[in-house]
Amino acid sequence: MASSEEEASTGCPTPVGTDTAPSCPDSDPDPAPAQSDSTEDFEVLEEDEDDLSELPPLEDVGRARAPPPPEPPEDTRSPEQDPGETPEPPQEWLDVLGNGLLKKKTLVPGRGAESRPRKGQEVTVRLRAALEDGSVVEEDPGLTFTLGDCDVLQALDLCVQLLELGENALIVSDAKYCYGSHGRSPDIPPNAALTLEVELLEARDGPDLELLSGKEKAALANRKRERGNFYYQQADYVLAINSYDIALKVIGSSSKVDFSPEEEAELLEVKVKCLNNLAASQLKLDHYEAALKSCNLVLEHQPGNIKALFRKGKVLAQQGEYREAIPILKAALKLEPSNKTIHAELSKLVKKHADQKTVETEMYRKMLGNPSAGSAPVKCKDKLPWSIPWKWLFGATAIALGGVALSVVIAARN
Numbered sequence: 001m002a003s004s005e006e007e008a009s010t011g012c013p014t015p016v017g018t019d020t021a022p023s024c025p026d027s028d029p030d031p032a033p034a035q036s037d038s039t040e041d042f043e044v045l046e047e048d049e050d051d052l053s054e055l056p057p058l059e060d061v062g063r064a065r066a067p068p069p070p071e072p073p074e075d076t077r078s079p080e081q082d083p084g085e086t087p088e089p090p091q092e093w094l095d096v097l098g099n100g101l102l103k104k105k106t107l108v109p110g111r112g113a114e115s116r117p118r119k120g121q122e123v124t125v126r127l128r129a130a131l132e133d134g135s136v137v138e139e140d141p142g143l144t145f146t147l148g149d150c151d152v153l154q155a156l157d158l159c160v161q162l163l164e165l166g167e168n169a170l171i172v173s174d175a176k177y178c179y180g181s182h183g184r185s186p187d188i189p190p191n192a193a194l195t196l197e198v199e200l201l202e203a204r205d206g207p208d209l210e211l212l213s214g215k216e217k218a219a220l221a222n223r224k225r226e227r228g229n230f231y232y233q234q235a236d237y238v239l240a241i242n243s244y245d246i247a248l249k250v251i252g253s254s255s256k257v258d259f260s261p262e263e264e265a266e267l268l269e270v271k272v273k274c275l276n277n278l279a280a281s282q283l284k285l286d287h288y289e290a291a292l293k294s295c296n297l298v299l300e301h302q303p304g305n306i307k308a309l310f311r312k313g314k315v316l317a318q319q320g321e322y323r324e325a326i327p328i329l330k331a332a333l334k335l336e337p338s339n340k341t342i343h344a345e346l347s348k349l350v351k352k353h354a355d356q357k358t359v360e361t362e363m364y365r366k367m368l369g370n371p372s373a374g375s376a377p378v379k380c381k382d383k384l385p386w387s388i389p390w391k392w393l394f395g396a397t398a399i400a401l402g403g404v405a406l407s408v409v410i411a412a413r414n
């Protein structure tokens with residue numbers, strides 16, 4: 001992962017369909033050195049968070065501002081029919097997930113079920129999204145994305161799989177499958193349901209990864225990573241992991257094209273970013289072994305990556321391995337001595353390690369039958385250190401008397 005990361009506010013619009021941070025120049029939020037985290041790899045969430053306050057929550061996260069809402073939508077109801085014309089029966093709503101939170105209704109039929117797109121294909125749709133009050137928050141005449149990769153709102157990704165080519169449908173979705181409790185400032189409030197009007201324009205097979213150039217692979221992987229960043233900011237760490245995994249598979253796929261050294265370097269930069277953000281998401285879900293593996297993969301490429309060192313130290317600390325975690329955090333602090341968060345984390349671990357050693361020492365004493373000094377019985381003050389037990393004294397006396405008697409007998413015989 002490269003050290004650079006997107007600004008907390010790039011000023012670039014975020015489309016409703018993709019919700020990913022658009023690629024904007026100079027979108028690196030990290031004012032710290034290359035390996036540090038402030039709004040990229042390390043979160044800035046609750047005050048009690050242990051993440052580096054000076055290191056961004058994720059690599060290249062951009063909290064983009066959405067464009068101002070367009071004009072109110074036109075009435076989408078079908079025009080009134082002539083008096084002599086027989087009205088068509090209303091189309092039934094389809095409960096997509098069976099929970100009543102995501103519904104689809106066909107407005108204009110398509111070309112048949114056999115024309116429905118498959119997962120992994122690239123689809124292009126015409127999209128219009130509005131709030132419950134009718135305010136339009138997005139219009140896109142040609143939104144293209146990979147179906148099934150969660151590149152867009154879940155509501156859109158799930159329902160487009162049910163569309164026929166040429167079909168025009170209305171989708172009503174709960175906030176859970178759109179922007180959730182976070183919303184999208186300034187035009188989509190928290191917990192806002194959306195109504196999407198979608199027309200499936202095209203479906204085609206995705207690109208052959210083996211034939212992509214290095215720049216094309218890096219661009220595709222970056223789009224997946226940015227989508228993962230969106231889910232991370234929405235606190236949906238499972239979907240964030242899914243997006244980072246897809247990005248890593250793109251980078252790691254075999255190729256029939258030779259890459260230039262510059263392209264290799266760019267791919268490695270994206271890979272490290274994805275691994276660092278993957279570790280952040282895994283740590284949020286307490287997947288410690290997986291997070292440790294991701295950190296180690298980063299450190300194989302960049303031994304001095306502060307984000308990976310810090311997270312590895314945190315993972316080991318969460319597992320109670322303070323002895324191993326402390327030197328790793330010391331290495332991170334040596335790379336960036338001014339980082340207060342590393343200082344605080346290291347101080348906390350040193351104290352925990354000292355407490356752990358005290359508990360272990362007491363436990364070993366009990367196991368070996370050596371009570372602690374405080375519980376040792378008090379010795380009798382009258383007992384001298386050179387006093388001889390009475391059994392030894394009795395035995396010595398008996399031996400002495402026996403020797404005297406033997407001497408008398410021998411003398412009498414002589």
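Just so you know, UniProt numbering puts 108 at position 108 of the sequence shown, and the rest follows in order with no gaps.
Note that CB positions come from ideal geometry on N, CA and C, so glycine has one too.
- The stretch 212-219 and the stretch 123-141 do not touch, with fewer than 3 CB-CB distances between them shorter than 8 Å.
- With contacts defined as CB atoms closer than 8 Å, L297 and I328 fail to qualify as a contacting pair.
- In the structure shown, the three-state DSSP call for R204 is strand.
- Look at P141 here: in three-state DSSP terms it is strand.
- Residue environment for P189: exposed (fewer than 16 other C-beta atoms within 10 angstroms of its C-beta).
- Residue state for V136 is assigned as strand, using DSSP reduced to three classes.
- With respect to the 8 Å criterion, N276 and K314 are not classified as neighbours on the basis of their beta carbons.
- The alpha helix (DSSP H) runs lying completely inside the stretch 199-270 and spanning 4 residues or more are 214-233 and 237-252, given in chain order.
- Under the three-state reduction of DSSP, A129 is assigned to strand.
- Considering only V257, T195 and S181, the residue with the shortest C-alpha distance to L170 is T195.
- Cβ contact annotation for Y322 (same chain, cutoff 7 Å, sequence separation greater than five): L349, K352, H353 and Q356, in chain order.
- Within the same chain, and ignoring the five residues on either side of L268 in sequence, the residues whose Cβ sits closer than 8 Å to its Cβ are H301.
- Residue range L102 to V108 is occupied by the beta strand (DSSP E) that includes L107.
- Closest by C-alpha distance to V160, out of D174, S181 and R118, is R118.
- Membership of I188 in any alpha helix (DSSP H) is not indicated, and neither H nor E is assigned to it by DSSP.
- In this model, L102 and D95 are separated by some 6 Å (Cα to Cα).
- With contact defined as three or more Cβ pairs closer than 8 Å, the stretch 231-240 and the stretch 255-267 are not in contact.
- N277 sits in a helix when the DSSP states are folded into three classes.
- If you ignore the 5 residues before and after M363, its C-beta comes within less than 7 Å of no other C-beta in its own chain.
- Separation of the CB atoms of V123 and E202 is rounded to 7 Å, and the pair is thereby assigned contact status at 8 Å.
- Pairing K176 with L143, the inter-Cα distance amounts to about 22 Å.
- Spatial neighbours of K224 in its own chain (CB-CB distance under 6 Å, excluding positions within 5 residues in sequence) are listed in chain order as S243, I246 and A247.
- For L299, the uninterrupted alpha helix (DSSP H) run begins and ends at Y288 to H301, by DSSP.
- Under the three-state reduction of DSSP, L156 is assigned to helix.
- The C-beta separation of S253 from L209 comes to about 4 Å, placing the pair in contact by the 8 Å criterion.
- For N168, the beta-bridge partners assigned by DSSP are V108 and E199.
- The distance from the Cβ of G120 to that of T146 is about 7 Å, consistent with a contact at the 8 Å cut-off.
- Residue range Y322 to L335 is occupied by the alpha helix (DSSP H) that includes P327.
- For S173, the three-state secondary structure derived from DSSP is strand.
- Bounds of the alpha helix (DSSP H) holding Q318 are I306 to Q318.
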